[in-house]
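In this note's numbering, the protein residues as written are 9 to 90.
So this is what it looks like as structure tokens:
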């Protein structure tokens, strides 16, 4: 069972750790095959601040996307000219 770990201290250099992980060419499958017991710190992110998430300017959250409809009635009987 994999347990979640807390991110490293503030002096943790995520970029260097990520480059090191990339250079191993093992990928996530390599971690699983190695039988890791904890999620590496490079994969942990703090919770996003949902207050900072905004909808697209000019749109409200209640708007639904417009999906055009296509009338396919009679398609089976129509021959396509090539």
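Backbone N, C-alpha and C fix where the C-beta goes; we use that ideal spot for every residue, glycine too.
Residues near residue i by beta carbon distance below 7 angstroms, same chain, minus five either side
i, result
"residue 115", "Nothing can be reported for residue 115, as the shown portion of the chain is limited to 9 through 90."
"residue 41", "none"
Residue i CB to nearest heavy atom of the ligand MN below 8 angstroms
i, result
"residue 85", "For the ligand MN, the structure offers nothing, since it holds no ligand at all."
Residues near residue i by beta carbon distance below 8 angstroms, same chain, minus five either side
i, result
"residue 39", "48"
"residue 82", "none"
6 angstroms Cβ shell around residue i - same chain, five flanking residues per side excluded
i, result
"residue 7", "As shown, the chain starts at 9 and ends at 90. That puts residue 7 outside it, with no answer to give."
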